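Take a look at the structure below.
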Amino acid sequence: MSDSNYIHSCSCGLKWNVTKHKLTMRDKDREVCTCGEIIVSWNGAVMYNARLIEDKG
Numbered sequence: 001m002s003d004s005n006y007i008h009s010c011s012c013g014l015k016w017n018v019t020k021h022k023l024t025m026r027d028k029d030r031e032v033c034t035c036g037e038i039i040v041s042w043n044g045a046v047m048y049n050a051r052l053i054e055d056k057g
């Protein structure tokens, strides 16, 4: 179950649906666009998932 979500527009033109999930323990990671730009990074009792929703083409 997701706690919140938002749309991230990358500088390369791709759009991502980013979902935040609360965890019971800490996690450190990041989601990266196919162009290499960091969409979101975290270090805490959360985790994010980024799903491509709009391609630039």
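In this text, residue positions in the sequence shown follow the UniProt record's numbering: the first is 1, and each later residue adds one.
C-beta atoms are modelled at their ideal positions from N, C-alpha and C, and glycine is treated no differently.
The structure presented is a predicted model; accordingly, all values stated were derived computationally and were not measured.
What does DSSP give as the partner residues of residue i in its beta bridges?
i: ASP29; result: TRP42
i: THR19; result: ASN5, ASN49
If you run the structure through DSSP and keep just helix, strand and coil, what is residue i?
i: THR24; result: strand
i: GLU54; result: strand
With a CB to CB cut of under 6 angstroms and the five nearest residues on each side skipped, what residues in its chain are close to residue i?
i: residue 61; result: Nothing can be reported for residue 61: it is not among the residues displayed for the chain, which extend from 1 to 57.
Using only the heavy atoms of the ligand MN, determine whether one of them is closer than 7 angstroms to the beta carbon of residue i.
i: LYS20; result: Among the ligands in the structure shown, none appear at all, so the ligand MN cannot be discussed.
Which same chain residues, not among the five before or five after residue i, have their C-beta less than 7 angstroms away from its C-beta?
i: MET25; result: ALA45
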